[in-house]
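Residue numbers (this note's numbering): 7 to 197.
Glycine residues also receive a C-beta, built at the ideal position from the N, C-alpha and C atoms.
Inspection log for the structure reproduced underneath, given as structure tokens.
Structure follows, in structure tokens:
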């Protein structure tokens with residue numbers, strides 16, 4: 007059912023791409039069909055060097071009464087909930103998934119990039135390990151677009167909600183086998 011919903015959503019987004027000027031592909035207005043006021047869909051890149059919102063985005067936010075993000079980032083319990091999903095099942099470790107040579111490469115990479123050995127994090131899912139060093143890959147101070155969106159929403163006293171729960175989002179990543187995740191981790195460490 008989720009795959010059908012995602013496929014339908016993808017089809018709708020693709021169809022909408024022909025309905026609006028392509029230079030505005032991150033901000034989409036939803037109107038018509040009896041809607042009293044328009045709504046907006048804004049595609050974001052989570053981490054970037056410059057999270058400054060363009061004037062069109064700020065104007066769209068000014069006309070809204072609610073901000074819905076991928077996750078409810080206003081929820082203080084979100085971080086604790088996410089921690090439940092950070093670790094591999096069945097006491098698996100990174101050492102179980104890679105050769106000794108690749109483990110040594112990863113360990114050195116984490117010492118160099120994160121300032122700590124991999125052994126402290128070897129039960130974490132490879133996906134989370136990759137996410138940990140993304141900020142290091144940016145050649146600038148990291149900024150998060152969602153934080154800028156939330157700042158505007160808070161300034162306007164708007165409620166912030168999440169489209170998905172942590173459980174729903176993490177279940178998507180759990181469908182990716184650990185060996186595929188660790189292949190991505192190794193590829194990132196070698197680049």
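Legend entry - Simplified DSSP state of residue 46, which is helix, strand or coil: strand
Inset, instruction - Starting from residue 149, follow its DSSP beta bridges and name the residues at the other end. - result: 54
Legend entry - Cβ neighbours of residue 182 in the same chain (closer than 8 Å, five flanking residues each side left out): 133
Inset, instruction - Could you please give me the residues that DSSP links to residue 63 through a beta bridge? - result: For residue 63, which the question treats as bridged, DSSP gives no partner whatsoever.
Legend entry - First and last residue of the uninterrupted alpha helix (DSSP H) at residue 188: 184-196
Inset, instruction - Can you have a look at residue 109 and say buried or exposed, based on whether 16 or more other CB atoms are within 10 angstroms of its CB? - result: buried
Legend entry - Under the three-state DSSP convention, the category residue 73 falls into: strand
Legend entry - residue 94 burial status per 10 Å Cβ neighbour count (16 or more: buried): buried
Inset, instruction - State the Cα-Cα distance for the pair residue 141 and residue 40, rounded to the nearest angstrom. - result: 43 Å
Legend entry - Close Cβ partners of residue 103 (< 8 Å) along its chain, the five nearest in sequence each way excluded: 132, 184, 185, 188
Legend entry - Reduced DSSP category for residue 29 - H, G, I as helix; E, B as strand; rest coil: Reliability of the predicted coordinates at residue 29 is poor, the pLDDT of 49 falling under 50, and the value obtained from them is presented with this limitation in mind. Here residue 29 sits in helix by DSSP.
Inset, instruction - Would you be able to state if there are at least three C-beta pairs under 8 Å between the segment 112-121 and the segment 79-94? - result: no
Legend entry - Strand pairing of residue 93, partner residues [DSSP]: 130
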